[in-house]
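Q:
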Amino acid sequence: MDLSLLDSTHVVQLSAIALLAYVCLGGLYRLYLHPLRHIPGPRLAALTWWYEVYYDVILRGQYNFKLQELHKKFGPIIRVNPEEVHIGDPNFLGEIYNARKRNKPPEPSLDIAGSVAGTDDWDLHKVRRQAMTSFFSPKAVRELEPLLVRKRDKLVEVVGNRMKRHDGKPLNLSDLYFAYCWDLIQEYAFAFDSTVLRDDLSEAAQLRANSQDLLLQVNFTRHFGWINALAAYLPAGIGEKMIPPGVMDLKRVAARVSQTVQSVVNDKTTTKEEIQNSSQHRSIFYTIRDDEALPDIEKEPLRLSREGNFLVVAASDSPARAIHITHFYLMHDPACMQKLREELRPLGPNPSMEQLSDLPYLNAVFLEGTRLMFGLARRIFRIAPDDAIVYGRYVIPPGTNVATSTYCVHSNEEIFPEPFTFRPERWLGPNAKELRSRYHMTFGAKSPRSCLGIHLAEAEMKFAIAAVARFDMELFETGLKDVEYRHDFQMAHGDLQSKGVRALVQRRAW
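When you line the sequence shown up against this note's numbering, it's residues 15 to 524, in that order.
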């Protein structure tokens, strides 16, 4: 008998037994000894992450909806995987996301490490965010008005030119607004001259399609984050085949951003005072470079480049999605469009930012459109590193991932009656201010980690909606399935076969 073969067989058997014992003991620990063992929820979710993987990856972004079912069965607090608690009580948002120290777990689905959004530690996040606050402040956005006006006028020009063709072909509004937001952030944040917004929207269509492909990968990479790391170390020809086109777009932008960062770092002559006194627009990297409170290590070119890369992702797809969803609902409900037009018409074709900010119905349209857009659709995690979170009789130990979701809040029938109906009037009632401050989560829960670019997003969206409201349009082969929240891929997605919101441009109303 070959003793070496016997030894090999013995080793395999022992390894299998050891693996089985490890799995069994791990399962027993998670079910009966784990600090979260007392939290209600399905046993399978507490036992293994594969429960979540099934709904996230196999069923393609369905776990958020499954959680709603689980809350109906188990109550407002549930354990949704071995290490995470989900609380479905909108009135508990303040405790999860409040100003007390809250870290966030790493996010492997997008390569944003080093950026403000990708900063897990509370204290470091505060330092990095503070350096960018002035660039996105209300004052800075007001000073941005000339750029917004130029982009608004270009938007009107593109729509007007399509109207003049009379060829019966629809305008893809999803591509149009992606181009509008893409050009705006490229010029504002990086001082790039971008011309994606033009009569030929083919480049915008490709960029948007690639962006969608990128987002459709996030559920997989969230659970199998090593894939991205593996692709980076493979030979170029093989690695690139594993990388979605959207990532390649980001890599091209990243290369350009990196050059800009390096030029700012090397620019020793342009002072902070000269920038403040100059009418020439400078990139955001000058703002970060000149922040005296930011340590020098935080101004390293690699970190600044990652900050820029995230801005491209956050400030192009997300606001564009909000605009095309809002425009869809206005066309889908002519009464709402009529009310908006009655408010806008007296201002003429070119209202100012100040005029738009004073319009109550436009503001209500903005809030309702962004509510139904859902913003960051996936669960928004926080970790209380030093103190336990107490919900009723349940004590959640420090260091635990605790989350809720925009969908959980925005679809709550007690807070938003008929939650899936587009109804701007809900933001005009006596409790509208409280409704917005407590329950509108599209730009993040009200916390030090909420969206940095909310003022920019609101301004660019109001400019766009006010501009296109002047045109009579008819939806073309577009329905609720194209805009309703049906899949969670970081952002809320409609039907995965959707071609976007399309419309026939008929005439200019004024």
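Note that CB positions come from ideal geometry on N, CA and C, so glycine has one too.
Fair warning: this is a prediction, and the values are worked out from it, not measured in the lab.
Do you know how far the Cα of S451 is from the Cα of S216?
A: Roughly 39 angstroms between the two C-alpha positions.
Q: For Y408, which of helix, strand or coil comes out of DSSP?
A: DSSP places Y408 in the strand class (E or B) of the three-state scheme.
Q: If distances are taken between C-alpha atoms only, which option among Y194, T492, Q27 and A205 comes closest to A219?
A: Comparing Cα-Cα distances from A219 to each of Y194, T492, Q27 and A205, the minimum goes to Y194.
Q: Taking C-beta to C-beta, are A517 and E474 nearer than 8 angstroms?
A: no
Q: Three-state secondary structure (DSSP) at E314?
A: Residue state, collapsed to three classes: coil.
Q: Taking the alpha-carbon positions, what's the F324 to R143 distance?
A: 13 angstroms
Q: Would you please state the rounded distance, in angstroms, between the beta carbons of V166 and A483? I believe it to be under 8 angstroms.
A: The sequence shown places Arg at residue 166, not Val. R166 to A483, Cβ: 12 angstroms. No contact.
Q: Take N105 as the anchor and find which of V423, S332, G467 and N280 has the nearest alpha-carbon.
A: V423
Q: Let's test the definition: count the other Cβ atoms within 10 Å of the Cβ of D181 and tell me whether it reaches 16, buried, or not, exposed.
A: exposed
Q: Only counting the same chain, and skipping five residues up and downstream in sequence, which positions put a Cβ closer than 7 angstroms to that of D134?
A: N117, K118, P119 and P120
Q: Measuring straight from C-alpha to C-alpha, what distance separates P412 and F395?
A: 14 angstroms
Q: What three-state label does DSSP hand R450 in the structure shown?
A: helix
Q: Go ahead and label W240 buried or exposed: buried means 16 or more other beta carbons lie within 10 angstroms of its beta carbon, across all protein chains shown.
A: Around the CB of W240, fewer than 16 other CB atoms lie within 10 Å, so the residue is classed as exposed.
Q: DSSP three-state label for L308, please.
A: coil
Q: Where does N364 fall in DSSP's three states?
A: DSSP, read as helix, strand or coil, puts N364 in coil.
Q: Examine chain B for any beta-carbon lying closer than 8 angstroms to the beta-carbon of F388, and answer yes or no.
A: The structure shown contains no chain B; it is built from a single protein chain.
Q: Quick check on G406: buried or exposed, where buried means 16 or more other Cβ atoms within 10 Å of its Cβ?
A: exposed
Q: Would a C-beta distance cut-off of 8 angstroms place R44 and A59 closer than the cut-off?
A: no
Q: Would you grab the beta carbon distance between H85 and G102 for me? Rounded to a whole angstrom, and I think it's under 8 angstroms.
A: 4 angstroms
Q: My assumption, with CB atoms under 8 angstroms, is that F192 sits in contact with L221. Please give the rounded CB distance.
A: 7 angstroms
Q: If we count Cβ pairs, one from each stretch, closer than 8 angstroms, do we get three or more for the segment 356-366 versus the segment 65-84?
A: Segments in contact, no.
Q: For E288, which of T301, S29, R521 and F380 has the nearest alpha-carbon?
A: T301
Q: Within a Cβ cutoff of 6 angstroms, which residues of the same chain sit near E159, ignoring the five residues on either side of it in sequence?
A: M367
Q: Which one or two residues does DSSP pair with L390 in a beta bridge?
A: M505
Q: Can you give the Cα-Cα distance for G389 and M455, rounded to whole angstroms?
A: 7 angstroms
Q: Rank R440, Q231, K115 and I339 by C-alpha distance to the C-alpha of T525 and give the top, closest one.
A: Outside the displayed range of the chain (15 to 524) lies residue 525, so it cannot be described from this structure.
Q: Between which residues of its own chain and G41 is the CB-CB distance below 6 angstroms, once the five residues before and five after are set aside?
A: L61
Q: By DSSP, does E488 sit in helix, in strand, or in coil?
A: strand
Q: So D227 packs on L211, CB below 8 angstroms; how close in whole Å?
A: With a Cβ gap of about 21 angstroms, D227 and L211 do not count as contacting.
Q: For I311 and V275, what's the separation of their Cα atoms in angstroms?
A: 14 angstroms
Q: In or out: C38 buried (at least 16 other Cβ within 10 Å) or exposed?
A: Around the beta carbon of C38, fewer than 16 other beta carbons sit within 10 angstroms, so the residue counts as exposed.
Q: Roughly how far, in whole angstroms, is the beta-carbon of P54 from the beta-carbon of F88, given that I think they are within contact range, below 8 angstroms?
A: With a beta-carbon spacing of about 4 angstroms, P54 and F88 fall inside the 8 angstroms limit used to define contacts.
Q: Determine the DSSP secondary structure at F395, reduced to helix, strand or coil.
A: strand
Q: Let me check one thing: in DSSP terms, what residues is N415 bridge-paired to?
A: E98 and I397
Q: Excluding five sequence neighbours on each side, which residues of the same chain lie with their C-beta closer than 7 angstroms to the C-beta of S464?
A: F457 and G458
Q: Just tell me which of H501, H295 and F234 has its CA closest to the CA of A64.
A: Residue 64 is actually Trp in this sequence, not Ala. The shortest CA-to-CA distance from W64 to any of H501, H295 and F234 is the one to F234.
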